[in-house]
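Quick note on numbering: the sequence shown equals residues -30 to -1, 1 to 399 in mature numbering (1 follows the signal peptide of the UniProt record, and there is no 0).
Cβ atoms here follow ideal geometry from the backbone N, Cα and C, with glycine treated the same way.
Note that the structure is a prediction, hence the values are computed from the model and not measured.
Report on the following structure.
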Amino acid sequence: MSKLTRRTFLGASGSVLALAAMGRPAFAQAAEIRHFWWGNPERDKRTFAVIDIFNTKNPDIKVTGETLGFGDYFTKLTTQIAGGNMPDVIQQGYGVLFEYIANGAVVPLDDYVGKSLDISKMDQSAIDAGTVDGKFYALSIGANSHMAMFNTRLFEEAGIVPGTDFDPYGYTYDELAEFAAAIKEATGVPGTDDNTAGYQNFSDFVVQKGAMLYNEDGSYGPTQEIVEEYWSTWEKIRNAGGTPPAPESAGLAGVSDLAQMGVVTGKSAMSYLWSNQLVGLQGLTEDMLGAAMYPNTPDMVPGSIVQPSQFVCLTRDSANPEAATAYMSAFVNDLDMTAVLGLERGIPSQSDVRAALQPKLTDVEARSVEFFDKIQGKTAVLPPPPPSGSNEVEQTFQRLAVNVLLGERSISDTASDFLAQAKAILARA
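Next comes the structure, spelled out in structure tokens:
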């Protein structure tokens, strides 16, 4: 395939924009389709249910589902790519999309648009986000943003009222240090997870400091000063007593299992995730969770972005691309299926689906929608997908941040080592 450039992904092709009336193709015999996603118990239950709905409505297509936790998903997918036996439809994230397009693992959808794939009611921003080098590769199944989820009972017991004692949509790291320590003093529970190894939080911080995580040419954007300041900021919160002990936090570096989040285990009053995970996280705790943006620097420069929470993509190994794209189309358009999916993967990018869901939202789903309403105008511009090697850079950050948490190396030396390794990884990739 031709060489991709990171800055040409916003040019949507004509075939994406010229949409025709839809008709589902017929198949001489049942086409077997495999759908693979990373999940959690709540997501898996909903996804298997919509597969059943689709199979009942489409007897000429048989879809089977495969799921793993996030930590194992990409490892298995790499093995499948090497073996040439990828499922027909895979779940992808914006942060790794470019890599899978570049290595040919996922293929363009343009030839199916207006035929087996209907995107006529999709938000243009969602179409743009899935378009690289003028070709449409990825179908958005929801939008999300970074969210700090907090235990409202513990905040109340500490006398900290959201909207009065702190602004969930505009508080600083200094304020976080104060109320996190106050919660610990009042309740015995640290007020926040320690995000020293939190790469999502770090990515926001970089933008808040006026830099980019990845520059226009694909090089790494953070400076030595920014990395040092980020780790020093969390060191201050930790030293104030606002986080769990450093060894506990070090043991959770890179962990994505919702059941191990501090607000679920009771080891902290605030955890940091993606907004689409609020539904799943609330299902694991009895206390009501509130929603806030990530903390900010005193200048209050927007750092978080709104981006597709996940995509579904067609793989190069699909033997039945028409059937696979018909299933993908139903996944985002069929109102019976989307009613079951709800907002678990984020705010749907299809206008009719949003309208149909609105009257039926649960309390936690309504909180998620309210969060999206409140962050409008407070987020940064969506950057292009990260370059190849970005996953390894993130893992390196998490690994070296453990050294900071355990006090094994100075912040300055560790930051210098991290930047050197990040530069080498990106050059090699």
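Residue i, enclosing beta strand (DSSP E) - first and last residue
i: E2; result: 1 to 8
i: S110; result: 108 to 110
i: S241; result: 240 to 244
i: N303; result: It is not in any beta strand (DSSP E) - N303 instead sits in the alpha helix (DSSP H) that spans 291 to 303.
i: F281; result: 281 to 284
Opening and closing residue of the alpha helix (DSSP H) in which residue i lies
i: residue 482; result: In this structure the chain extends from -30 to 399, so residue 482 is not present and cannot be described.
i: I196; result: 194 to 209
i: S360; result: 360 to 375
i: S338; result: 333 to 344
i: P217; result: 216 to 221
i: A147; result: 143 to 157
i: Y190; result: Counting along the chain, Y190 falls outside any alpha helix (DSSP H), and DSSP gives it neither H nor E.
i: D42; result: 40 to 53
i: Q252; result: 248 to 252
DSSP beta-bridge partners of residue i
i: Q230; result: According to DSSP, which records beta bridges pairwise, Q230 is partnered with nothing at all.
i: residue 439; result: Because the chain spans -30 through 399 in this model, residue 439 falls outside it and cannot be assessed.
i: A118; result: Y242, A262
i: K105; result: V102
i: Q178; result: Q178 is not bridged to any residue.
i: I31; result: A1
i: P132; result: F136
i: P278; result: A113
i: M92; result: Q320
i: A326; result: A326 is not bridged to any residue.
i: L87; result: V83
i: T76; result: One point to set straight first is that residue 76 is Val, not Thr, in the sequence displayed. According to DSSP, V76 bridges with T285.
Beta-carbon proximity check, residue i vs residue j, cutoff 8 Å
i: P138; j: A150; result: no
i: V83; j: Q62; result: no
i: P357; j: F44; result: no
i: L234; j: L251; result: It should be pointed out that residue 234 corresponds to Val in this sequence rather than to Leu. A contact, by the Cβ cut-off of 8 Å.
i: M74; j: R286; result: What sits at residue 74 in the sequence shown is Gly, not Met. Yes, they are a contact pair.
i: residue 406; j: Y297; result: Outside the shown range of the chain, which is -30 to 399, sits residue 406, and nothing can be said about it.
i: A239; j: L124; result: yes
i: K154; j: G236; result: no
i: V310; j: R13; result: no
i: S226; j: F341; result: no
i: V20; j: M307; result: yes
i: F106; j: P132; result: no
i: K91; j: D322; result: yes
i: L284; j: P291; result: yes
Alpha-carbon to alpha-carbon, residue j and residue i
i: D58; j: A300; result: 15 Å
i: P353; j: K32; result: 37 Å
i: F18; j: G35; result: 7 Å
i: Q178; j: T37; result: 35 Å
i: F6; j: Q280; result: 13 Å
i: N373; j: Y143; result: 22 Å
i: P265; j: L146; result: 7 Å
i: K330; j: V302; result: 17 Å
i: V282; j: G359; result: 21 Å
i: I130; j: Y141; result: 13 Å
i: R(-25); j: T349; result: Residue placement at R(-25) cannot be trusted, given a pLDDT of 36 that sits under 50; the coordinates are not used to answer.
i: R(-7); j: A113; result: Because the pLDDT at R(-7) is just 47, under 50, the model does not fix this residue reliably, and the point stays unresolved.
i: E195; j: I381; result: 11 Å
i: K85; j: L228; result: 38 Å
i: Q94; j: N25; result: 29 Å
i: Q368; j: D30; result: 46 Å
i: I207; j: L243; result: 19 Å
i: I89; j: A108; result: 11 Å
i: D269; j: D163; result: 23 Å
i: G65; j: A371; result: 21 Å
i: A72; j: L87; result: 23 Å
i: D187; j: Q320; result: 33 Å
i: N361; j: T295; result: 28 Å
i: T366; j: I395; result: 10 Å
Check: residue i C-beta below 7 Å from any heavy atom of the ligand PLP
i: Y70; result: In the structure on display, the ligand PLP does not appear, and there are no ligands present to speak of.
Exercise for review: Determine contact between the segment 38 to 57 and the segment 250 to 269, defined as no fewer than three beta-carbon pairs at a distance below 8 Å.
Suggested key: no
Check your understanding: Any contact of the segment 85 to 102 with the segment 385 to 396, i.e. 3+ C-beta pairs under 8 Å?
Key -> no
Point to revise | Inter-stretch contact at 8 Å, needing at least 3 Cβ pairs: the segment 156 to 173 / the segment 333 to 340 | key: Output reads no: the segment 333 to 340 does not touch the segment 156 to 173.
Practice item. Evaluate contact between the segment 115 to 122 and the segment 237 to 247, counting only Cβ atoms and requiring at least three cross-stretch pairs below 8 Å. Key: Yes, they touch.
Practice item. Count the C-beta pairs between the segment 314 to 323 and the segment 216 to 235 that are closer than 8 Å, then say yes if the count reaches three, no if not. Key: no
Review point. Three or more beta-carbon pairs under 8 Å between the segment 271 to 283 and the segment 339 to 350, yes or no?
Key: Touching, per the Cβ criterion.
Exercise for review: Say whether the segment 197 to 215 touches the segment 380 to 388, bearing in mind that this needs 3 or more beta-carbon pairs closer than 8 Å, one atom from each stretch.
Suggested key: yes
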